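Residue numbers (the working numbering), protein chains in the order written: chain S, 527 to 875; chain E, 53 to 440; chain W, 99 to 400.
Glycine included, each C-beta is placed from N, C-alpha and C at the ideal position.
Model, not experiment: these values are computed from the prediction.
These notes are about the structure you will find just below.
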Amino acid sequence: MNAMSPPAPTLATKTASGGEILLRLSGVRKAYRGAVAVESVDLEIRRGEFFTMLGPSGSGKTTTLRLIAGFEQPDAGTIELDGVDMARTAPFDRNVNTVFQDYALFPHMSVAENVAYGLKAKRVAAAECRDRVAEALRMVQLADFAGRLPAQLSGGQRQRVGLARAIVNRPGLLLLDEPLGALDLKLRQDMQLELKHIQEQVGITFLYVTHDQEEALSMSDRIAIFNRGEIEQIGTPEEVYERPTTPFVANFVGSSSIVKRRGRRFMLRPEKVQVLPVGERAAFGFHGEEGRLEDRVYLGMFTKYVVRLGDGTKIVAVQPNAEGATGQLEKQRGEPVLVVWNPETAWPV
Amino acid sequence: MRTRFAALATSASLLASLVAPIAVPSAAFAAPAKANYPKQIGKGEGALNIVAWEGYAQDDWVKPFEQETGCQVNRKYAGSSDEMVALMRQGGGGEYDLVSASGDASLRLIYGGDVQPIKVDLIPDFKDFVEDLKAPPHNTVKGVHYGLSYEWGPNVLMWNTDKIKDAPKSWAEIYDPKYQGQVSVPDNPIQIADAALYLSKTKPELGIKDPYDLTPKQLDAAGDLLKTQQKLVKKYWALASDEIELFKNGDATIGAAWPYMTNSLKDAGTPVADVVPQEGATGWADSWMLSAKAKHPNCAYKFMAYVSTPKVQAQQAIYFGETPVNLKACTEMDAQQPGSCEKYHLNAPASYLKSIKFWKTPLKQCSDGSNTCTNYTDWQRKWQEIKG
Amino acid sequence: MSSAHETLRRGGVPRRFSGLLWRNPRLGLGSLLAPPLAWFILIYLAALVVLFVAAFWSVDPFTGELDRTWTLDNFRAILTSDTYRAIALRTVAMAAAVTVTDAVLAFPFAYYMARVAGPKLRVALFALVLLPLWSSYLARVYAWRLILSHDGVLNWALKLVGLPQVDIGYSRWAMWIVFTYIWLPFMIMPLYAALERIPGNFFEASGDLGARGWRTTAKIVFPLALPGLIAGSIFTFSLTLGDYITPVLVGGPGSDFIGNVVYANVGIANNVPFAAAYATLPLLVMAIYLLVARRLGAFDMM
């Protein structure tokens with residue numbers, strides 16, 4: 527559907543790992559009046575990828591995005607897009623578009639005018655412009671809202687306009703700065719799916735910034751975890767979740783309990799831990815330890831258990847409340863329980 | 053919404069000033085005020101509010117008066133005869149006690165009932181006044197004195213002697229295109245009379261006999277002349293101080309002025325001179341007039357008596373550059389400034405008096421009784437038309 | 099009914115009054131607004147009505163007495179006279195010229211103040227804009243008179259740098275300059291407020307979508323600053339339209355404004371009815387101006 531997007535089938539996102547490099551950041555650094563925002567970032571993003579920069583606020587992910595968009599200039603390093611350094615190129619000369627967290631829709635323009643803005647700036651012919659705007663609006667399911675003003679739309683609809691306004695330009699790279707941050711949970715989850723769907727449909731490389739690890743895991747091909755202006759780990763969702771390379775990643779992506787055994791620290795994901803009544807036997811090869819139940823929280827789909835082991839280690843476990851599954855552990859606070867896990871899932875950090 | 057109110061307020065503030073005189077029922081009378089003579093001048097009321105020309109109430113002689121009588125003099129300077137009339141009527145009259153009205157305002161004040169008859173017997177120096185100005189038609193109606201003559205003088209032609217070497221002799225100079233952008237004349241409808249006077253000499257075929265008696269045709273002719281002058285005018289001056297500044301800053305080099313300005317400019321070191329040109333001049337004969345609703349009549353009488361004394365008459369004459377009505381002021385003038393009595397023609401006032409066409413209010417009824425002349429409203433409209 | 103209950107129910111007069119207000123909030127609001135509203139109606143509207151009525155009266159030319167018979171003479175005189183038409187046109191044209199000039203001058207200045215200058219510089223610029231407003235209007239106009247006069251500061255400076263002298267004192271040019279200067283802060287302030295309100299990421303979004311500076315200015319900044327611009331223009335336009343002092347002080351021949359004619363007819367010629375008739379003109383112009391401004395949506399964002 528898209529003239530500017532690369533040839534189609536090889537683009538199936540899951541196979542992107544072998545694709546060519548679209549964006550390369552090397553040694554990028556940025557400080558504001560002495561306060562370092564980005565220490566030194568090296569990053570490669572492949573064509574067609576859905577790449578997420580994940581990290582807490584102030585970790586440098588948004589600054590990195592703004593450097594790529596061209597809203598800021600790096601103090602050092604290069605930002606290559608398609609092999610050309612554009613660290614000093616103005617935003618309007620970069621083949622990059624941005625979806626803003628608070629939408630940044632122009633309030634005096636209708637939805638259609640907002641979406642057409644970039645095309646008009648590039649002097650796209652009127653007829654083509656009209657067609658592309660209609661197509662983009664159809665893609666975000668806002669075809670019937672073309673004539674409305676942004677103030678007449680809901681939050682989710684505004685975010686779609688923001689998305690349409692960016693993708694209508696068919697950029698080589700689309701930057702999304704916490705685009706779902708302002709939406710409520712249900713809408714956010716719907717939009718996550720829709721975004722992913724649209725990305726697959728248009729085949730544009732997405733560079734996504736979020737502080738929500740669940741969002742990152744559910745949408746991304748690869749994730750870069752930012753901390754204090756540097757990247758701690760880059761990998762697929764499975765890699766960063768299952769095999770975090772640093773304690774920070776282990777803690778930030780998903781929740782985990784840290785146990786120290788034989789001088790080493792291991793990370794235990796709560797869903798990998800089972801809580802059983804004392805006296806039951808663990809499955810073969812599983813490791814079991816006794817502790818006291820400190821808390822039990824019913825979460826609907828899951829129940830969360832907090833268990834304090836004899837040496838003071840706190841272990842968190844979640845178990846699905848599935849029909850026919852282990853079922854609810856009928857234990858009260860303070861009662862002894864058995865926690866069980868497969869040593870293979872205890873990841874050294 | 054706020055802004056809309058702000059804009060409304062702006063226009064309304066302009067309007068508020070307009071409406072004030074209407075909101076109070078007009079105090080105009082249909083006829084001259086009745087006499088209400090005092091037997092003698094009583095005890096002063098402690099204050100006196102006067103409307104005067106700039107230069108007519110200088111501290112030199114007002115301060116001694118205040119000390120002598122205890123009447124505190126509050127001064128309001130007016131820029132034109134019209135403004136004087138308006139001020140005397142302001143707030144229903146009675147805000148001001150005295151006015152130094154010129155001949156073009158005095159009749160309006162009399163017939164408007166704004167001023168009351170004056171008992172000249174209470175003014176000791178009245179007997180020494182020049183005969184022609186004891187009961188002139190501009191302040192005395194049917195033998196009743198509504199004003200006390202004060203001083204008189206010509207509107208002169210003034211020029212910068214540095215920039216204009218040949219001393220001008222004719223009013224033709226201020227209509228001469230060679231002074232493009234350097235001419236300054238008063239912003240006053242009565243200025244039309246200056247043009248009429250000039251035309252009466254240069255275009256006798258128009259038949260202008262009296263520059264204040266103009267038929268519509270004659271008014272148009274004067275207006276046309278003044279419209280050509282408009283292109284030469286740097287600025288129409290409203291206040292005496294304006295004209296002084298224009299000459300001081302080199303914006304004007306020639307214009308119609310008062311001898312007062314020549315004196316002020318010379319004192320300030322600006323090289324100027326003035327002349328009564330060969331065509332003659334318009335001029336003023338001022339009278340002190342007492343408001344029909346004066347709140348301080350005793351102080352007013354005391355003031356009129358005081359300013360009629362030879363000493364004050366001489367001070368005023370020399371300061372402003374005009375001629376006193378008190379003939380006894382001659383010796384006093386020479387004592388204050390040798391030769392000034394002759395300079396201002398007080399030694400032979402009668403013939404000089406005849407060369408000046410004193411300001412008076414243009415009326416529908418001409419001096420010869422016919423009803424073919426133009427009135428002051430016509431003049432005012434014409435003046436606006438001239439100024440553009 | 100017990101007497102205790104009775105007492106409580108009836109209470110004192112203040113209590114009953116408070117209760118009345120509590121039950122009828124509109125009544126409370128009404129009594130709060132009544133005094134200023136009465137003032138507004140009496141002083142503003144009544145004055146306007148009297149003005150308008152007086153426009154149909156006439157005045158005795160000699161005695162200055164008001165003649166309260168209805169006549170259209172004043173309006174006829176205004177409409178048929180080239181002079182009064184020219185003066186009205188001049189006033190409106192000057193108000194428009196001053197407004198446009200102020201807008202052109204104020205826009206970059208306000209933009210710099212709102213979007214470029216740092217906090218310290220911004221405070222300094224604010225002071226710079228507002229400081230002249232602390233001195234009297236007259237003092238500032240007189241200052242300009244001295245600057246523009248023939249032997250004034252302007253020509254002195256021009257001579258110093260070897261440029262030819264200009265002769266713009268006491269002219270419409272002088273009025274244009276002085277008006278533009280005097281009312282400039284009234285354009286800068288609302289424009290600043292409007293520009294300052296534009297979210298910073300609109301500039302980023304516009305640039306991101308490929309628009310260069312001029313397009314961002316024309317398509318984003320200007321439309322969003324327009325309400326401020328119109329608010330400012332209402333000030334500059336109406337303030338110029340109603341002025342009569344600057345024409346007297348710095349104007350030359352052919353510089354009279356509507357206000358000067360009104361002033362001359364009230365204060366000098368004592369022809370209040372004619373003045374009233376002429377004074378309805380700026381009122382009409384302003385009404386049209388505000389209607390157009392409203393149509394342009396200037397009040398929607400206020």
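Under 8 Å from the C-beta of residue i: neighbouring residues of chain W
i	result
S/R674	The premise fails here: S/R674 is roughly 16 Å from chain W at the closest Cβ pair, so nothing lies under 8 Å.
S/P617	E302, G305 and D306
S/N623	D306 and L307
E/G233	D265
Reference residue i, options the options, closest by Cα
i	options	result
S/K648	W/L261, W/G117, W/L258 and W/T314	W/T314
W/A222	W/S234, W/L236 and W/F207	W/F207
S/D738	S/G581, S/D611 and S/V650	S/G581
S/L709	S/R614, S/I749, S/V694 and S/R686	S/R686
S/A602	S/G838, S/E758, S/V622 and S/D568	S/D568
W/F284	W/A292, W/R174, W/T178 and W/D200	W/D200
W/R270	W/L324, W/A316 and W/I185	W/I185
E/G145	E/C382, E/Y396 and E/L342	E/L342
E/Q417	E/L266, E/K283, E/L398 and E/G332	E/L266
E/E225	E/V328, E/S132 and E/L291	E/V328
Chain S residues whose Cβ lies nearer than 8 Å to that of residue i
i	result
W/N299	F626, D628 and A630
Closer than 7 Å at the beta carbon, the chain W residues around residue i
i	result
S/K648	G308
S/N847	By Cβ distance, chain W contributes nothing, its closest Cβ being about 44 Å from S/N847, past 7 Å.
E/Y288	P351
E/Q330	Those do not exist, as E/Q330 stays about 26 Å from chain W at its closest Cβ, beyond 7 Å.
Neighbour flag for residue i against chain W, beta carbons, 8 Å
i	result
E/T429	yes
E/N301	yes
S/A563	no
S/F792	no
E/K439	yes
S/F597	yes
E/T145	Checking the sequence, you will find Gly at residue 145 of chain E rather than Thr. It does not: the Cβ of E/G145 has no partner Cβ on chain W nearer than 8 Å.
S/N695	yes
E/A138	yes
E/G155	no
C-beta contact flag for residue i and residue j at 8 Å
i	j	result
E/K171	E/P90	yes
E/A337	E/A346	no
E/I408	E/S392	no
E/Y250	E/W223	yes
E/P220	E/I306	yes
E/S339	E/V285	no
S/A660	S/A669	yes
W/W274	W/V196	yes
E/I244	E/L278	yes
Residues that residue i contacts on chain W, provided the C-beta gap is smaller than 9 Å
i	result
S/R691	A303 and L307
E/V103	Chain W residues near E/V103: none, gap ~13 Å exceeds 9 Å.
Residue-chain proximity (residue i, chain E), Cβ-Cβ < 8 Å
i	result
W/A184	yes
W/T424	With chain W running from 99 to 400 in the structure shown, residue 424 of chain W is simply not present.
W/D265	yes
W/T181	yes
W/A346	Going by the sequence as given, residue 346 of chain W is Val instead of Ala. So yes, W/V346 belongs to the interface.
Proximal chain E residues relative to residue i, where beta-carbon distance stays under 8 Å
i	result
W/Y235	Within 8 Å Cβ-Cβ: nothing; W/Y235 doesn't reach chain E, min ~13 Å.
Per-residue contacts from residue i into chain E (C-beta, under 9 Å)
i	result
W/R171	The question names Arg, but residue 171 of chain W is Asp in the sequence shown. Going along chain E, no residue has its Cβ under 9 Å from W/D171, so there is no contact; the nearest lies around 11 Å.
W/V359	Q436
Cutoff 8 Å: residue i Cβ touching any chain S Cβ
i	result
W/M99	Any answer about W/M99 is weak, because its pLDDT of 46 lies below 50 and its placement is not dependable; what the coordinates show is given next. No, its Cβ sits nowhere closer than 8 Å to a Cβ of chain S.
Which residues, taken in chain order from the region 630–646 of chain S, show a beta carbon closer than 7 Å to some beta carbon of chain W? A630, F632, H634, Y643 and G644
To be precise: take each residue of the region 314–333 of chain W, compare its Cβ to all Cβ atoms of chain E, and keep it if any distance is under 8 Å. Which residues remain? A329, I332 and F333
Given a limit of 8 Å on CB to CB distance, which residues of the region 267–285 of chain E reach chain W? Q282, K283 and V285
Identify each residue in the region 247–266 of chain W for which the Cβ-Cβ distance to at least one residue of chain E is less than 8 Å, and report them in chain order. S247, H248, D249, G250 and D265
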